[in-house]
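Q:
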Amino acid sequence: MKKILVTGGTGYIGSHTVVELRQKGYDVIIVDNLSNSSIEVLDNIAAITGTKPLFEKLDLAEREVTLDFFARHTDIEAVIHFAAYKAVGESVEQPLKYYRNNLFSLINILDGMLENRISNMVFSSSCTVYGQPDELPVTEQAPIKQAMSPYGNTKQISEEILRDTTNVNKNLNAICLRYFNPIGAHESAKIGELPLGVPNNLVPFITQTAIGIRPQLKVFGDDYPTPDGTPIRDYIHVVDLAKAHVVAVDRMLNEKMKKNCEVFNLGTGNGFSVLEVIKSFEKVAGVKLNYKIVDRRPGDITEVWADTSFANRELGWKAEKGLDEMTLSAWKWELALAEKKKNKIR
Ligand code: NAD
Ligand code: WQD
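Okay, so the sequence shown: first residue is 226 according to my numbering, each after it adds one.
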């Protein structure tokens with residue numbers, strides 16, 4: 226069995242990807258420092274796939290331990306690198322924390338790979354690199370705009386690091402996947418998003434409000450130049466996103482890449498407004514959501530959705546799940562978390 230290293234594999238997108246990799250017959254080893262995830266996720270993955278993946282707790286921003294890890298695991302065929310900090314607002318407050326973690330980790334991993342002749346990396350990038358695009362849907366060729374946050378800048382710099390490094394190391398392959406807005410959870414409701422503290426993102430805030438953890442959802446602005454005045458995003462089901470990673474790994478291992486550094490948009494190609502997401506949630510959950518329109522959130526763009534034709538054509542991958550399926554799976558996950566909490570209290 227081919228062994229794949231999944232960094233950040235106990236996190237939100239990583240855990241869903243581990244499940245898809247296991248189901249396609251890949252052997253997986255997870256590395257995570259558990260700074261934004263829990264060790265219990267390993268049991269939850271095992272409950273879905275039947276086996277617990279190998280796991281090592283280590284901080285990839287620490288050079289010696291990372292190089293030591295690679296020296297002990299020279300049989301890894303590809304690395305899917307999710308591990309990073311991702312809170313946009315926090316990155317503005319603490320830029321060095323973000324540059325140190327996100328960039329040191331990537332550099333250490335690349336050194337470990339090069340030292341041990343490990344050739345393939347799939348990297349978690351983001352639609353944030355486009356800022357507010359001039360043309361929609363946005364293609365991979367759209368200009369990269371000045372980053373709106375240190376977090377966004379770490380994604381731009383990481384892509385540059387990968388481009389420059391693959392340029393001089395022809396045996397090294399990188400696929401940068403630019404995710405749009407991942408939401409939802411696995412259909413089993415055994416894994417999902419676990420935001421620490423108050424969620425920054427829309428859908429976890431909706432589900433936490435509906436279940437009573439938060440009193441009210443604030444909708445940040447309804448005076449945008451969009452049909453209903455609220456911003457538009459390309460929400461993608463996390464399982465569709467996870468599947469794209471397996472396809473990317475297959476492409477690398479089967480030597481199907483056209484260049485040794487490729488970039489793909491991962492979205493559905495459809496944009497939905499904040500109010501449309503709320504309406505979908507209310508319909509599938511049968512819950513009336515308490516929300517209020519407030520001022521715009523600084524830094525938010527008006528609208529973005531992906532041109533997915535390159536990923537559809539080249540990867541043979543297409544997002545399949547619609548908005549209602551996304552919001553329903555997010556709600557089932559929130560209900561499962563509430564049930565777990567109740568049983569712990571009893
Ligand atoms: P997440 O926080 O749930 O998962 C990231 C995991 O990485 C966590 O388990 C955390 O403990 C681990 N980690 C962080 N720094 C580490 C380090 N130095 N060493 C070892 N482990 C470390 O986040 P996610 O939503 O699953 O995001 C995964 C990746 O996708 C990130 O790179 C993120 O920037 C990117 N991304 C996420 C989104 C999104 O909306 N969720 C959108 C675009 C891109
Ligand atoms: C979506 C819409 C908000 C919360 C962020 C990162 C981006 C990428 C994806 C990693 C916006 C509105 C939200 C709330 C609201 N992550 N909203 N009330 O801002 O598109 O992107 O996640 O790479 O880098 O910036 O996602 O879920 O925060 O917001 O009205 O309580 O929901 O204003 O219009 P965003 P989001």
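All residues carry an ideal CB built from backbone N, CA and C; glycine is no exception.
Just so it is clear, the structure is predicted and the values come from calculations on it, not from any experiment.
(1) Is the beta carbon of Thr291 closer than 8 angstroms to that of Gly337?
(2) With DSSP as the reference, identify every bridge partner of Lys228, one or two as the case may be.
(3) Which residue from Gly275, Lys543, Ser554 puts its Cα closest to that of Ala509?
(4) Ends of the beta strand (DSSP E) at Val347?
(5) Please go through the same chain and pick out, in chain order, the residues whose beta-carbon is closer than 6 angstroms to the beta-carbon of Gly417, but skip the five residues on each side of it.
(6) Name the two residues that bound the continuous beta strand (DSSP E) containing Lys517.
(7) Do you know whose CA, among Asp447, Asn425, Thr451, Gly446, lies nearest Arg439's CA?
(8) Starting from the C-beta of Glu245, find all residues in its chain whose C-beta is less than 8 angstroms away, skip the five residues before and the five after it, and write them out in chain order.
(9) Starting from Tyr404, follow the beta strand (DSSP E) in both directions and report where the run begins and ends.
(10) Could you give the uninterrupted runs of the alpha helix (DSSP H) lying entirely in the stretch 321 to 346, keeping only those of 4 residues or more?
(11) Within 7 angstroms: the Cβ of Val266 and any heavy atom of the ligand WQD?
(12) Could you tell me the boundaries of the beta strand (DSSP E) in which Phe489 lies?
(13) How many whole angstroms separate the CB atoms of Gly234 and Val243, which I take to be in contact at a CB cut-off of 8 angstroms?
(14) Buried or exposed for Gly250, please, with buried defined as at least 16 other CB atoms from any protein chain shown within 10 angstroms of its CB.
(15) Below 8 angstroms on the Cβ atoms is my guess for Val488 versus Glu365; work out the distance and round it to an integer in Å.
(16) Are there any heavy atoms of the ligand NAD lying less than 7 angstroms away from the beta-carbon of Phe307, as far as the coordinates show?
(17) Inspect the beta-carbon positions of Thr527 and Pro456 and report whether they are closer than 8 angstroms.
(18) Which word fits Leu387, buried or exposed, when buried means at least 16 other C-beta atoms lie within 10 angstroms of its C-beta?
(19) Does Phe497 come out as helix, strand or coil in the three-state DSSP assignment?
(20) For the ligand WQD, enumerate in chain order all residues having a CB closer than 7 angstroms to any of its heavy atoms.
(21) How is the alpha helix (DSSP H) around His411 delimited, first residue to last?
(22) So does Gly233 have its beta carbon nearer than 7 angstroms to some heavy atom of the ligand NAD?
(23) Any idea which residues DSSP pairs Glu528 with across the strands?
(24) Apart from the five residues on each side of it in sequence, which residues of its chain come closer than 8 angstroms, Cβ to Cβ, to Cys352?
(25) I need the boundaries of the alpha helix (DSSP H) containing Val463, first residue and last residue.
(26) Measuring from the CB of Asp336, is there a heavy atom of the ligand NAD at a distance below 7 angstroms?
(27) Alpha carbon to alpha carbon, how far is Lys277 from Leu267? Give it in angstroms, no decimals.
(28) Give the DSSP bridge partners of Val363, in chain order.
(29) What span of residues does the beta strand (DSSP E) with Glu281 cover, start to end?
(30) According to DSSP, His306 sits in a beta bridge with which residue or residues?
(31) Determine the direct distance from the alpha carbon of Glu412 to that of Glu507, and round the result to whole angstroms.
A: So, from the data block:
(1) Within the sequence shown, residue 337 is the residue found at index 112, counting from 1. Within the sequence shown, residue 291 is the residue found at index 66, counting from 1. Yes, they are a contact pair.
(2) Indexing the sequence shown from 1 puts residue 228 at position 3. Under DSSP, Lys228 forms a beta bridge with Asp252, Ile301.
(3) Residue 509 sits at position 284 when you count from the first residue of the sequence shown. Looking at the sequence provided, one finds Val at residue 509 rather than Ala. Proximity to Val509 across Gly275, Lys543, Ser554 peaks at Ser554, based on C-alpha coordinates.
(4) On the sequence shown, residue 347 is found 122 positions in, with the first residue counted as 1. Counting along the chain, the beta strand (DSSP E) containing Val347 begins and ends at 345 to 351.
(5) Against the sequence shown, residue 417 aligns to sequence position 192. Excluding positions up to five away in sequence, the list reads Ala410, Trp558.
(6) For this step, residue 517 is matched to residue 292 along the sequence shown. Residue range 516 to 519 is occupied by the beta strand (DSSP E) that includes Lys517.
(7) Sequence index remark: in the sequence shown, residue 439 carries index 214 (1-based). Closest option to Arg439, Cα to Cα, is Asn425.
(8) Within the sequence shown, the letter at position 20 stands for residue 245. Here the set comprises Val464, Ala467, Lys468, His470, Val471.
(9) Counted from its first residue, the sequence shown places residue 404 at position 179. Taken as a continuous stretch (DSSP letters only), the beta strand (DSSP E) holding Tyr404 covers 398 to 404.
(10) List check, alpha helix (DSSP H) in window: 329 to 340.
(11) Counted from its first residue, the sequence shown places residue 266 at position 41. For Val266, the shortest C-beta to heavy atom distance toward the ligand WQD is 7 angstroms or greater.
(12) In the sequence shown, the residue the question calls residue 489 occupies position 264. Run containing Phe489: 486 to 491, per the beta strand (DSSP E) assignment.
(13) As a working note, residue 234 is residue 9 in the sequence shown. As a working note, residue 243 is residue 18 in the sequence shown. Yes, Gly234 and Val243 are in contact; Cβ-Cβ is about 5 angstroms, under 8 angstroms.
(14) Start at 1 with the first residue of the sequence shown, and residue 250 comes out as number 25. Gly250 should be labelled exposed.
(15) Taking the first residue of the sequence shown as 1, we reach residue 488 at position 263. Taking the first residue of the sequence shown as 1, we reach residue 365 at position 140. That belief holds up - the Cβ atoms of Val488 and Glu365 are roughly 5 angstroms apart, short of 8 angstroms.
(16) Indexing the sequence shown from 1 puts residue 307 at position 82. Phe307 has its Cβ nearer than 7 angstroms to a heavy atom of the ligand NAD.
(17) Against the sequence shown, residue 527 aligns to sequence position 302. Against the sequence shown, residue 456 aligns to sequence position 231. Pro456 is positioned such that its CB atom lies closer than 8 angstroms to that of Thr527.
(18) To locate residue 387, count along the sequence shown from 1; it is residue 162. Here Leu387 is buried. Its C-beta has 16 or more other C-beta atoms within 10 Å.
(19) Your numbering for residue 497 matches position 272 in the sequence shown. Reduced to three states, the DSSP call for Phe497 is strand.
(20) With the cut-off at 7 angstroms, the residues found are Lys311, Val313, Ser351, Cys352, Thr353, Tyr376, Gly377, Lys380, Tyr404, Asn406, Asn425, Asn426, Leu427, Val428, Phe430, Leu442, Lys443, Val444, Phe445, Gly446, Thr455, Pro456, Arg458, Val499, Arg522, Asp525.
(21) What you label residue 411 is simply residue 186 of the sequence shown in a count that begins at 1. Segment: none, His411 is in no alpha helix (DSSP H) and carries neither H nor E.
(22) To locate residue 233, count along the sequence shown from 1; it is residue 8. Gly233 Cβ: within cutoff of the ligand NAD.
(23) For this step, residue 528 is matched to residue 303 along the sequence shown. The partner list for Glu528 (beta bridge, DSSP) reads Ile457.
(24) As a position in the sequence shown, residue 352 is number 127, starting the count at 1. Here the set comprises Val363, Arg403, Tyr404, Phe405, Asn406, Asp459, Asn490, Gly492, Val529, Ala531.
(25) Taking the sequence shown and counting its residues from 1, the one referred to as residue 463 is at position 238. Where Val463 is concerned, the enclosing alpha helix (DSSP H) stretches over 463 to 478.
(26) By one-based count along the sequence shown, residue 336 stands at place 111. Checking the Cβ of Asp336 against the ligand NAD gives no.
(27) On the sequence shown, residue 267 is found 42 positions in, with the first residue counted as 1. On the sequence shown, residue 277 is found 52 positions in, with the first residue counted as 1. Rounded to whole angstroms, Leu267 to Lys277 spans 6 angstroms at the Cα level.
(28) Here residue 363 is taken as the residue at index 138 of the sequence shown, counted from 1. DSSP links Val363 through a beta bridge to Ala531.
(29) Position 56 of the sequence shown holds residue 281. Segment 279 to 282, the beta strand (DSSP E) holding Glu281.
(30) Residue 306 sits at position 81 when you count from the first residue of the sequence shown. Thr232, Phe348, per the DSSP bridge assignment.
(31) By one-based count along the sequence shown, residue 507 stands at place 282. By one-based count along the sequence shown, residue 412 stands at place 187. Between Glu507 and Glu412, the alpha-carbon positions lie close to 19 angstroms from each other.
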